[in-house]
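Have a look at the structure below, then the notes.
There are 2 protein chains.
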Amino acid sequence: MNVSSNVTLKQIALKLDLSTMTVSRALNNPSMVGKSTRQKVLEAAKSMGYSPNHIAKSLVSRKTFTLGVIIPQISHSFFPEIVRGIEEIAYDGNYQLLLTQSAESFEKEVKNIETLRSKRVDGILVSSAQTIVDYKYYKRVINAGLPFVFFDRCVEDIGASCVSVNDRTSSRRITQHLIDHGYEKIAHLSGPQKVTIGYERSEGYKEALSKNGLPVNPKWIVENGFNEKGGYEAMKKILDLPADEHPRAVVAVNDPVAFGAMEAIRDYGLSIPDDIAIVGFSDDIRAKLMPCPLTTVFQPAYEVGKKAAEKLLKIIDHVNEPIENIEVITQNRIRESCGCNSKN
Amino acid sequence: MNVSSNVTLKQIALKLDLSTMTVSRALNNPSMVGKSTRQKVLEAAKSMGYSPNHIAKSLVSRKTFTLGVIIPQISHSFFPEIVRGIEEIAYDGNYQLLLTQSAESFEKEVKNIETLRSKRVDGILVSSAQTIVDYKYYKRVINAGLPFVFFDRCVEDIGASCVSVNDRTSSRRITQHLIDHGYEKIAHLSGPQKVTIGYERSEGYKEALSKNGLPVNPKWIVENGFNEKGGYEAMKKILDLPADEHPRAVVAVNDPVAFGAMEAIRDYGLSIPDDIAIVGFSDDIRAKLMPCPLTTVFQPAYEVGKKAAEKLLKIIDHVNEPIENIEVITQNRIRESCGCNSKN
DNA sequence: AACTGTATTGTTATCGATAACATTACCCAT
DNA sequence: ATGGGTAATGTTATCGATAACAATACAGTT
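Line by line, the protein sequences give chains A and B. When the letters of the first sequence are read in order and numbered with this note's numbering, they come out as residues 253 to 596. When the letters of the second sequence are read in order and numbered with this note's numbering, they come out as residues 253 to 596.
Take a look at the structure:
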């Protein structure tokens, strides 16, 4: 039996010989209704299994208590933690989440946003796809007045707030940590420069070098994606240089790339951190389990989700909420791959 | 400017001096409308930034193209992968997901389901909270005719289909693997028996022992939650037995428990697998990185999500879709902690 | 010229709930 | 007894879209 025959106010009213208005009031504004009437209505509603039709309510109130969330892939890196944070804030404010994945496809992203708009969500949270081409599209949606907040992967100067991690300064800080160890020849396994986090982390790396008067050697900067395999190959390319051109330390754009690089270093018979030190970014759950535990940067993903949802709710509730770039601060996780805490 | 002033059919109609019906038809049933009229409507709709109001449509059609999903915690164990599977199937069928978390609280779960019902989702997918007390509540919702599918954590004999992993047979199989190694004294670090996966995995363990004529020793069965800490303490309790009562192998209810147990074993100066062999369940991303890589059971989470969503869509579309228990088959991941592939 | 058919457009009622206004009944003060 | 006030309930219109039915115009047929 799949015919969800939903009970309506009208049916309750009919049964009790009342007007629908009275029934509605008995359920929502009890003080405006006679005591005995209210009692009868409550009983009938319960026994008939009444569930208020939120759709009809939304049509009148122009409010759905629903937020749209768009992420590249829910199971990827720290998105589960971000979504957890978003959901908790939403729940506390009586909102629910329409969760969609873009799978890094701009087309899917647009289709999802269009559907969310049609469903009249009260606001949208977006971590944009890597393949994004048409910023104008976002601009139109934002100008149409839909509350909008970017998180993690932001699009700048487009009239929307953004919550992210201080990628550049974090990258600069962890690079500085290597410099403080006394290393001067420091390589960088970078991510795609079109992606914010790829670009920002590279900039942080370069800033740290310049600030300390160290030269940036183009041979030591290799861009090859965000995963283990990319890291392995990128590192190999560097290790194929003559031994006297080898760097003494490596800054990887994220932990998986660092894992790949560590394997490459071992495959070359070199040791971490004695021959080559290395640091990552993201504090992957595996980082501390590496043969030489990886020094890396921890990103408070849950906080990012919370802050993004909080900002969105503020925009929804207050007409003149300002546009902000909110940076959630990372923390270094100093382990052994940088040369600290060495067992020797 | 936060006033999302949404364009309506009426506004387009007014501007073009047409009836709303004609505008509606131009957009949805183009063949019923004159060519030049259609052209004008399409242009106006685009230039005015028209977005069809799905809320109003839903009110008439009694269909929202939205599925409710309830999970304990999105960032926990394999839920991200399950949700990814669900979302992909939903997307292909033009549905979207309202994602909610119960945080293992039955009260939250009920509140979420009530809201989802009010929002008139076309169906609900549930992985039930551990603290669930009142199965009657589910029964009422299901009897009300709302398409309903459980996944991973199921409630049986309640009139709803269920998609899960073959926990019992998987547990029996991995236990059998230890027996095939020749081990006879096999302990079990179990999970809470009220929770399906806890109970089923224990049963599988016991079945394997009985089937091979091995006695079940109550001292070797310790129940202490689902995480590392619990595993550590449970294992400690067993290792505190006189040495001649030590088991030769251990079946842990999941990988985190196994990780904790492995630490306890090492802390007792014993070696894995030479003194005590151990197996886990879930193929946690860390399993293969352990000092002695953990033999465990891989659960195809993505498949579970896909199957659950597919079943739900079938129930929504076909009145007489039967109730089914669908089991997704696991695979052993044989590594070294069981005694296989040993480096010695 | 009257008739039928088709293509195109318009009107009305509806989905379920509620805001805004209207009505009724009854109590109390003067 | 009359008027004013309040508590309780009822009526109507509305949110935006669409199903069902209605109307119009014009072409082709006999």
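Built from N, CA and C at the ideal position, the CB exists for glycine as well.
Nearest-angstrom Cα separation, counted from residue j out to residue i
i: A/Pro324; j: A/Gly512; result: 23 Å
i: A/Ile459; j: A/Ile473; result: This sequence places Glu at residue 459 of chain A; Ile is not what is there. Approximately 14 Å between the Cα atoms of the pair.
i: B/Glu366; j: B/Thr352; result: 12 Å
i: A/Ile449; j: B/Glu339; result: 26 Å
i: B/Ser310; j: A/Ile307; result: 7 Å
i: A/Val335; j: B/Glu562; result: 24 Å
i: A/Lys199; j: A/Glu436; result: In this structure chain A extends from 253 to 596, so residue 199 of chain A is not present and cannot be described.
i: B/Ser422; j: B/Ile578; result: 15 Å
i: B/Lys262; j: A/Pro304; result: 28 Å
i: A/Pro399; j: A/Ala342; result: 14 Å
i: A/Tyr457; j: A/Met487; result: 17 Å
i: A/Ser589; j: A/Gly521; result: 16 Å
i: A/Phe550; j: A/Val505; result: 13 Å
i: B/Val580; j: B/Glu333; result: 14 Å
i: A/Asn593; j: B/Leu546; result: 27 Å
i: A/Gly301; j: B/Asn572; result: 23 Å
i: A/Val255; j: B/Asp374; result: Annotation note: pLDDT 42 at A/Val255 (below 50); position unreliable, no value reported.
i: B/Ser357; j: A/Ser276; result: 30 Å
i: B/Asn418; j: B/Thr548; result: 14 Å
i: B/Pro273; j: B/Ser257; result: At residue 273 of chain B the sequence reads Met, which differs from the Pro that was named. Taking the straight line from one Cα to the other gives about 21 Å.
i: B/Ala381; j: B/Arg420; result: 20 Å
i: B/Glu455; j: B/Asn464; result: 14 Å
i: B/Asn281; j: A/Arg369; result: 22 Å
i: B/Lys360; j: B/Gly411; result: 22 Å
i: A/Ser416; j: A/Gly591; result: 29 Å
i: B/Met253; j: A/Val285; result: Reliability of the predicted coordinates at B/Met253 is poor, the pLDDT of 31 falling under 50, and the value obtained from them is presented with this limitation in mind. About 39 Å.
i: B/Ala495; j: B/Asp519; result: 15 Å
i: B/Tyr451; j: B/Lys566; result: 30 Å
Selection from the options that minimises the alpha carbon distance to residue i
i: B/Gly557; options: B/Glu356, B/Lys360, B/Thr260, B/Ser379; result: B/Ser379
i: B/Ser299; options: B/Asn280, B/Leu268, B/Ile490, B/Phe317; result: B/Leu268
i: A/Arg314; options: A/Arg500, A/Leu368, A/Arg372, A/Thr260; result: A/Arg372
i: B/Tyr484; options: B/Gly456, B/Ala501, B/Ile517, B/Ile575; result: B/Ile517
i: A/Ser462; options: A/Ala504, A/Val417, A/Arg424; result: A/Arg424
i: B/Arg355; options: B/Ser422, B/Asp536, B/Cys590, B/His328; result: Note that residue 355 of chain B is Ala in the sequence shown, not Arg. Per the Cα distances, B/His328.
i: A/Arg453; options: A/Cys590, A/Thr582, A/Asn280; result: A/Thr582
i: A/Ser271; options: A/Lys287, A/Ser283, A/Val293, A/Asn258; result: A/Val293
i: B/Ala396; options: A/Ile426, A/Asn572, A/Val259; result: A/Val259
i: B/Glu497; options: B/Ser288, B/Ala439, B/Met514; result: B/Ala439
i: A/Leu441; options: A/Met284, A/Phe533, A/Ser288, A/Arg277; result: A/Phe533
i: B/Asp409; options: B/Lys391, B/Val415, B/Arg420; result: B/Lys391
i: A/Asn584; options: A/Pro282, A/Val285, A/Asp535; result: A/Asp535
i: B/Glu515; options: A/Leu541, A/Asp519, A/Asn281; result: A/Leu541
i: A/Ala265; options: A/Thr289, A/Ser416, A/Tyr451; result: A/Thr289
Cβ distance (whole Å) where residue i is taken to contact residue j below 8 Å
i: B/Glu555; j: B/Gly345; result: Contact flag wrong, Cβ pair sits at about 17 Å.
i: A/Phe317; j: A/Gln291; result: Incorrect: roughly 29 Å between the Cβ atoms, too far for contact.
i: A/Leu430; j: A/Ala560; result: Between A/Ala560 and A/Leu430 the Cβ distance is about 31 Å, and since that is not below 8 Å, they are no contact.
i: B/Val362; j: B/Tyr387; result: Wrong, their Cβ atoms sit about 12 Å apart, outside the cutoff.
i: A/Leu319; j: A/Leu564; result: 6 Å
i: A/Leu279; j: A/Ala297; result: 6 Å
Contact under 9 Å by Cβ, residue i with residue j
i: B/Pro499; j: B/Glu475; result: no
i: B/Pro543; j: B/Ile568; result: no
i: B/Ile586; j: B/Ser413; result: no
i: A/Ile394; j: A/Val321; result: no
i: A/Ala501; j: A/His433; result: yes
i: B/Ala539; j: B/Phe330; result: no
i: B/Val312; j: B/Thr427; result: no
i: B/Ile326; j: A/Ile537; result: no
Tell me, please, whether the region 463-470 of chain B touches the region 404-418 of chain B by the rule of three or more beta-carbon pairs shorter than 8 Å.
-> The count of Cβ pairs closer than 8 Å, one atom from the region 463-470 of chain B and one from the region 404-418 of chain B, stays below three, leaving the stretches out of contact.
Answer yes if the region 516-534 of chain A comes into contact with the region 478-495 of chain A, meaning at least three C-beta pairs across the two stretches below 8 Å, and no otherwise.
-> With the cut-off at 8 Å, the region 478-495 of chain A and the region 516-534 of chain A touch.
Does the region 479-487 of chain A touch the region 498-511 of chain A, meaning 3 or more C-beta pairs lie closer than 8 Å?
-> Of all C-beta pairs linking the region 498-511 of chain A to the region 479-487 of chain A, three or more are shorter than 8 Å, placing the two stretches in contact.
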